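In the UniProt record's numbering, the protein residues as written are 1 to 97.
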């Protein structure tokens with residue numbers, strides 16, 4: 001007890017320094033935890049966005065292939081005469097009895 005009274009009476013600035021150090025350590029610890037959580041969330045958001053971008057690109061590529069195939073078939077069908085178109089329809093796998 002006499003140590004505290006001696007510090008308070010003659011060396012109160014030491015108490016202030018110790019208190020400031022404890023406060024700085026506490027602020028550093030809790031601030032670091034918050035920064036870590038924010039960085040972790042940012043990394044998760046980035047990975048999610050990259051995955052979504054890859055899926056969007058894959059869908060766009062698949063749609064482009066479908067458009068090209070539809071265009072090819074339309075061109076091929078427009079070049080057929082009536083008899084050839086009829087034969088093609090009759091031999092189609094969708095025209096089975």
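No residue lacks a Cβ here, since even glycine has one placed at the ideal position from N, Cα and C.
As the structure is a prediction and not an experimental result, all values here were calculated from the model.
State the Cα-Cα distance for the pair residue i and residue j, rounded to the nearest angstrom.
i: residue 52; j: residue 66; result: 21 Å
i: residue 31; j: residue 16; result: 22 Å
i: residue 39; j: residue 60; result: 31 Å
i: residue 72; j: residue 64; result: 12 Å
i: residue 82; j: residue 49; result: 51 Å
i: residue 46; j: residue 56; result: 15 Å
i: residue 37; j: residue 70; result: 49 Å
i: residue 74; j: residue 54; result: 30 Å
i: residue 20; j: residue 58; result: 56 Å
i: residue 27; j: residue 33; result: 10 Å
i: residue 25; j: residue 35; result: 15 Å
Assuming residue i and residue j are in contact, meaning their beta carbons sit under 8 Å apart, how far apart are those beta carbons, in whole angstroms?
i: residue 85; j: residue 77; result: 7 Å
Looking at residue i: is its Cβ nearer than 8 Å to the Cβ of residue j?
i: residue 93; j: residue 80; result: no
(Q) Threshold first: 4 residues or longer. Then list the alpha helix (DSSP H) segments lying entirely within the UniProt region "Disordered" (46 to 97), N to C. (A) Segments of the alpha helix (DSSP H) lying fully in the UniProt region "Disordered" (46 to 97): 82 to 90.
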